[in-house]
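S.K.: If you read the sequences in order, they're chains U and B.
For the first sequence, our numbering gives the first residue as 5, with consecutive numbering after it.
For the second sequence, our numbering gives the first residue as 5, with consecutive numbering after it.
Number of protein chains: 2
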Amino acid sequence: MQKSDFLSTRVPSYADVMTAQARGLHARVLDSLGPAITAGEYPPGSVLRTDELAQRFEVSRSVMREVVRVLESMHLVASRRRVGVTVRPTEEWNVYDPQVIRWRLAGADRPRQLRSLTVLRSAIEPVAAGLAARNATAEQCAALTECALGMVATSRGRRLEEYLVHDVAFHRVVLDASGNEMFARLGDVVAEILAGRTHHDVMFEDPDPAAVTLHVRVAEAVREGDADRAEALTREIAEGALKELDILAPPPATR
Amino acid sequence: MQKSDFLSTRVPSYADVMTAQARGLHARVLDSLGPAITAGEYPPGSVLRTDELAQRFEVSRSVMREVVRVLESMHLVASRRRVGVTVRPTEEWNVYDPQVIRWRLAGADRPRQLRSLTVLRSAIEPVAAGLAARNATAEQCAALTECALGMVATSRGRRLEEYLVHDVAFHRVVLDASGNEMFARLGDVVAEILAGRTHHDVMFEDPDPAAVTLHVRVAEAVREGDADRAEALTREIAEGALKELDILAPPPATR
DNA sequence: GTGATGCAAAAGTCTGACTTTTTGAGTACG
DNA sequence: CGTACTCAAAAAGTCAGACTTTTGCATCAC
Numbered sequence: 005m006q007k008s009d010f011l012s013t014r015v016p017s018y019a020d021v022m023t024a025q026a027r028g029l030h031a032r033v034l035d036s037l038g039p040a041i042t043a044g045e046y047p048p049g050s051v052l053r054t055d056e057l058a059q060r061f062e063v064s065r066s067v068m069r070e071v072v073r074v075l076e077s078m079h080l081v082a083s084r085r086r087v088g089v090t091v092r093p094t095e096e097w098n099v100y101d102p103q104v105i106r107w108r109l110a111g112a113d114r115p116r117q118l119r120s121l122t123v124l125r126s127a128i129e130p131v132a133a134g135l136a137a138r139n140a141t142a143e144q145c146a147a148l149t150e151c152a153l154g155m156v157a158t159s160r161g162r163r164l165e166e167y168l169v170h171d172v173a174f175h176r177v178v179l180d181a182s183g184n185e186m187f188a189r190l191g192d193v194v195a196e197i198l199a200g201r202t203h204h205d206v207m208f209e210d211p212d213p214a215a216v217t218l219h220v221r222v223a224e225a226v227r228e229g230d231a232d233r234a235e236a237l238t239r240e241i242a243e244g245a246l247k248e249l250d251i252l253a254p255p256p257a258t259r
Numbered sequence: 005m006q007k008s009d010f011l012s013t014r015v016p017s018y019a020d021v022m023t024a025q026a027r028g029l030h031a032r033v034l035d036s037l038g039p040a041i042t043a044g045e046y047p048p049g050s051v052l053r054t055d056e057l058a059q060r061f062e063v064s065r066s067v068m069r070e071v072v073r074v075l076e077s078m079h080l081v082a083s084r085r086r087v088g089v090t091v092r093p094t095e096e097w098n099v100y101d102p103q104v105i106r107w108r109l110a111g112a113d114r115p116r117q118l119r120s121l122t123v124l125r126s127a128i129e130p131v132a133a134g135l136a137a138r139n140a141t142a143e144q145c146a147a148l149t150e151c152a153l154g155m156v157a158t159s160r161g162r163r164l165e166e167y168l169v170h171d172v173a174f175h176r177v178v179l180d181a182s183g184n185e186m187f188a189r190l191g192d193v194v195a196e197i198l199a200g201r202t203h204h205d206v207m208f209e210d211p212d213p214a215a216v217t218l219h220v221r222v223a224e225a226v227r228e229g230d231a232d233r234a235e236a237l238t239r240e241i242a243e244g245a246l247k248e249l250d251i252l253a254p255p256p257a258t259r
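(1) Would you kindly work out how many angstroms separate the C-alpha atoms of U:E76 and B:T217, rounded to a whole number?
(2) Which residues does DSSP pair with B:V226 in a beta bridge?
(3) Could you spell out where the beta strand (DSSP E) holding B:R84 opens and where it closes?
(4) May I ask you to report which of helix, strand or coil DSSP gives B:G44?
(5) How close, in whole Å, do the beta carbons of U:G183 and U:L135 come, if the pair is a contact with beta carbons under 8 angstroms?
(6) Quick one: which chain B residues come within Cβ less than 7 angstroms of U:I128?
(7) Between B:A223, B:L168, B:Q103 and B:T54, which lies nearest to B:D210 when the distance is taken from Cα to Cα?
(8) Count the other C-beta atoms from every protein chain shown that fall within 10 angstroms of the C-beta of B:H203, then say buried if there are 16 or more, exposed otherwise.
(9) Residues of chain B with CB under 9 angstroms from U:M155, in chain order?
(10) With DSSP run on the structure shown, which of helix, strand or coil describes U:L52?
(11) For the beta strand (DSSP E) containing B:V89, list its first residue and its last residue.
(12) Taking the C-alpha atoms as reference points, what is the distance between U:G229 and U:R138?
(13) Ordered along the chain, which non-local residues of its own chain (more than five positions away) have a Cβ less than 7 angstroms from that of U:H170?
(14) Could you tell me whether the Cβ of U:V222 comes closer than 8 angstroms to any Cβ of chain B?
(15) Would you kindly report the start and end of the unbroken alpha helix (DSSP H) that includes U:W97?
(16) So, for U:A242: in the same chain, excluding its five sequence neighbours on each side, which residues have a beta-carbon less than 7 angstroms away from its beta-carbon?
(17) Let me see if you follow: with CB-CB separation under 8 angstroms, is U:M68 close to chain B or not?
(18) Strictly below 7 angstroms CB to CB, what residues from chain B border U:E185?
(19) CB-CB under 6 angstroms to U:V89, same chain, minus the five flanking residues each way: which ones, in chain order?
(20) Thinking C-beta only, is U:P48 closer than 8 angstroms to U:T94?
(21) If you draw a straight line from the alpha carbon of B:D212 to that of B:V226, how long is it in whole angstroms?
(22) Counting only the same chain and skipping the five closest in sequence on each side, list residues whose C-beta sits under 6 angstroms from that of B:E166.
(23) Report the residue from U:R233, U:E235 and U:I197 whose alpha carbon sits nearest the alpha carbon of U:A245.
(24) Here's the rule: buried if 16 or more other CB atoms are within 10 angstroms of the residue's CB, otherwise exposed. What is U:V87?
(25) What is the rounded straight-line gap between the Cα of B:V222 and the Cα of U:E248?
(26) Hey, which unbroken runs of the beta strand (DSSP E) at 3 residues or more fall wholly within the segment 99-124 of chain B?
(27) Inspect the beta-carbon positions of U:E235 and U:A133 and report whether they are closer than 8 angstroms.
(28) Against U:L237, what residues of chain B qualify as contacts under a CB-to-CB distance less than 9 angstroms, listed in chain order?
(29) Exposed or buried, what is B:S120 when buried is set at 16 or more other beta-carbons lying within 10 Å of its beta-carbon?
(30) Determine the direct distance from the alpha carbon of B:A173 to that of B:E96, and round the result to whole angstroms.
(31) Taking 8 angstroms as the CB-CB limit, is B:P260 close to chain U?
(32) Comparing the C-beta of B:S77 with each C-beta of chain U, is any distance below 8 angstroms?
(33) Step through the CB atoms of chain U and report whether any lies within less than 8 angstroms of the CB of B:R162.
(34) My output table needs one value for B:V193: the three-state DSSP class, helix, strand or coil.
(35) Please return the same chain residues whose Cβ sits closer than 6 angstroms to the Cβ of B:K7, not counting the five positions on each side in sequence.
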């Protein structure tokens, strides 16, 4: 009956939430089976049976059915009578589902996945920045400038974690300010990519000063409403990200 | 069968599959409740109760629970004990889920939705075309040329339906040939947009000859491996699509 | 070989009982 | 007067079992 009145007011981090054991049986099974499928542990064409899965995970059939339904809605599997639950080919998966993205980024082909997403980014963000220059509110311009300044301030002295926070915030604001909901919803993906770069792909050195400058100039361009310049500058940032990726993990040999 | 095999023997599209009536109780309820939510019939913050829904739709609680689980995985609702199933704010929806896209396109704010998606297209497709110029196989080049020729052949004489088929196929091939799975998966979205233009937004006249020519030239550029030209030409096509949209449904007044 | 027939496997559905979490009202205590 | 504690009810969550429906496959008749 103790009260945890010390150290009690910490805000639970994302990892805490996702790692928590308390999310219900259904979510736990999903988080076990989902990654297994996306990792190719059950290759496309594999057939699973609901009852068998229920036994394996030691849950009732109702729970397992709900899990299968969700996997089905992600197009990871297809359920057919008398056949069972079939793993669908990769090309049919809902690769834009944030959950699927997370599972795949956590799995073995993380590099491939990271490349796909970075290319996607390089297509989206310049256009988003152009739109932001036209549509950003005063508050968004201010936020953008603040982020850029934060990046400058933390760009030296191995303060990578602090830098990351500002970097993520910057790109989120741009995507939001574009006024396009499809763009805005990619904020999480970008956050995931940037975090991955800092944490997994081992950034030994401080961030590229040229990149930092570019961010500052994008903020300027947006503030001034110069769409073309904002787009061009963001395109440069994207080019940089692609180049960086080529160095870390060269692309598959071109056909 | 007449004409090109690769057009006639195409795999059944998503829409085909999902329109079928025989999909089981669960899917039918989902297709009733999902659109209702995305249409704003239950505004964000509304609280539903599983049992009540089960009664309303005349299905068992198990079926309704599975429906709720799927809606939850789309981030349309959140389910909490003792409180019920809450409709989440629009900004949190998984707007890239093909099912959600279809529901929203079928609903009231179709124009808004169509604009978001067209802007997305205008960002993606030029980049995809550039990549396609680098990566397309001989078969894909051939398919692309065939599509372009088909577009030319059906561009006059009010053969809009036939034209649409070739147009959709063209863009699908480009997205596929880009070699990026994130791009490839947008084929359905593009198909939806193009079909919408032909069917809903009333194309009175034959397609713009300039657009047709641009498609032919994109096919050329890809075949010749000229990435920059393929990208620039596709950007022109996208510009055209955006302009067309501005005429049909002017954008909200810029702030 | 071809087509009809029937069996069985697996998903789909329904029902009722039970558990767990959470909220909000009531209550005691300072 | 307000704070903190208790408690009961509400709703989702879980489980088990029985039944239905579809459908692949093997068998059999022609």
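Here a beta-carbon is modelled for each residue, glycine too, at the ideal position from N, C-alpha and C.
M.R.: Answer, in terms of the structure:
(1) Translated into positions along the first sequence, residue 76 of chain U becomes position 72. Translated into positions along the second sequence, residue 217 of chain B becomes position 213. So the alpha carbons of these two residues sit roughly 41 angstroms apart.
(2) To locate residue 226 of chain B, count along the second sequence from 1; it is residue 222. The partner list for B:V226 (beta bridge, DSSP) is empty, contrary to what the question assumes.
(3) By 1-based counting over the second sequence, the position of residue 84 of chain B is 80. V81 to R84 is the span of the beta strand (DSSP E), which, as asked, contains B:R84.
(4) The residue you call residue 44 of chain B lines up with position 40 of the second sequence. The answer is coil: DSSP assigns B:G44 none of H, G, I, E or B.
(5) The residue labelled residue 183 of chain U in the question sits at position 179 within the first sequence. The residue labelled residue 135 of chain U in the question sits at position 131 within the first sequence. The Cβ separation is near 6 angstroms, so the contact holds.
(6) Here residue 128 of chain U refers to the residue found at position 124 when the first sequence is read from its first residue. Within chain B, the residues near U:I128 are A127.
(7) Walking along the second sequence from the start, residue 210 of chain B turns up at place 206. Looking at the Cα atoms, B:L168 is the closest of the given residues.
(8) Reading the second sequence from its first residue, position 199 is the one you call residue 203 of chain B. With fewer than 16 other Cβ atoms from the protein chains shown falling within 10 Å of its own Cβ, B:H203 counts as exposed.
(9) Taking the first residue of the first sequence as 1, we reach residue 155 of chain U at position 151. Under the 9 angstroms cutoff, chain B gives no residues; its nearest Cβ is about 24 angstroms from U:M155.
(10) Within the first sequence, residue 52 of chain U is the residue found at index 48, counting from 1. If DSSP states are grouped into helix, strand and coil, U:L52 belongs with the strands.
(11) As a first step, residue 89 of chain B must be located in the second sequence, where it is residue number 85. B:V89 -> beta strand (DSSP E) spans G88 to V91.
(12) As a working mapping, residue 229 of chain U is identified with position 225 in the first sequence. As a working mapping, residue 138 of chain U is identified with position 134 in the first sequence. Computed Cα separation, rounded: 6 angstroms.
(13) Working through the first sequence from its first residue, we reach residue 170 of chain U at position 166. Answer for U:H170: C151, G154, M155 and T158, listed in chain order.
(14) Counting from one through the first sequence, the residue named residue 222 of chain U turns up at place 218. Judged by the 8 angstroms Cβ criterion, U:V222 is not in contact with chain B.
(15) Against the first sequence, residue 97 of chain U aligns to sequence position 93. Neither: U:W97 is in no alpha helix (DSSP H) and is coded neither H nor E.
(16) Reading the first sequence from its first residue, position 238 is the one you call residue 242 of chain U. The residues R125, S126, E129 and P130, in chain order, have a CB closer than 7 angstroms to that of U:A242 in the same chain once the five nearest residues on each side in sequence are set aside.
(17) As a working note, residue 68 of chain U is residue 64 in the first sequence. Output row for U:M68: interface = no.
(18) On the first sequence, residue 185 of chain U is found 181 positions in, with the first residue counted as 1. The answer, in chain order, is V99 and S120.
(19) Numbered from 1 along the first sequence, position 85 holds the residue referred to as residue 89 of chain U. If we look at U:V89 and ignore the five residues flanking it on each side, its Cβ neighbours are L52, V72, V81 and S83.
(20) Translated into positions along the first sequence, residue 94 of chain U becomes position 90. Translated into positions along the first sequence, residue 48 of chain U becomes position 44. Yes, they are a contact pair.
(21) Here residue 212 of chain B refers to the residue found at position 208 when the second sequence is read from its first residue. Here residue 226 of chain B refers to the residue found at position 222 when the second sequence is read from its first residue. When rounded, the distance between both Cα atoms is 22 angstroms.
(22) Taking the first residue of the second sequence as 1, we reach residue 166 of chain B at position 162. Answer for B:E166: T158, listed in chain order.
(23) Here residue 245 of chain U is taken as the residue at index 241 of the first sequence, counted from 1. Taking only the C-alpha atoms, the option nearest U:A245 is U:I197.
(24) Counting from one through the first sequence, the residue named residue 87 of chain U turns up at place 83. Label assigned to U:V87: exposed.
(25) On the second sequence, position 218 is the one that residue 222 of chain B refers to. On the first sequence, position 244 is the one that residue 248 of chain U refers to. For B:V222 and U:E248, the distance between alpha carbons rounds to 29 angstroms.
(26) none
(27) Looking up residue 235 of chain U in the first sequence gives position 231. Looking up residue 133 of chain U in the first sequence gives position 129. Cβ atoms of U:E235 and U:A133: closer than 8 angstroms.
(28) Position 233 of the first sequence, counted from the first residue, corresponds to residue 237 of chain U. The contacting residues do not exist; U:L237 stays about 16 angstroms from chain B at best.
(29) Here residue 120 of chain B is taken as the residue at index 116 of the second sequence, counted from 1. Classification of B:S120: buried, given that the 10 Å Cβ count is 16 or more.
(30) In the second sequence, counting from the first residue as 1, residue 96 of chain B sits at position 92. In the second sequence, counting from the first residue as 1, residue 173 of chain B sits at position 169. Straight-line Cα distance between these residues: approximately 32 angstroms.
(31) Nothing in the structure corresponds to residue 260 of chain B, since chain B is present only between 5 and 259.
(32) Here residue 77 of chain B is taken as the residue at index 73 of the second sequence, counted from 1. It does: the Cβ of B:S77 has a partner Cβ on chain U nearer than 8 angstroms.
(33) Within the second sequence, the letter at position 158 stands for residue 162 of chain B. Not an interface residue.
(34) Counted from its first residue, the second sequence places residue 193 of chain B at position 189. Note: B:V193 maps to helix in three-state DSSP.
(35) Along the second sequence, read from residue 1 onward, the residue named residue 7 of chain B stands at position 3. Confidence at B:K7 is low in this model, with a pLDDT of 35, below 50, so its placement is unreliable and no value can be given for it.
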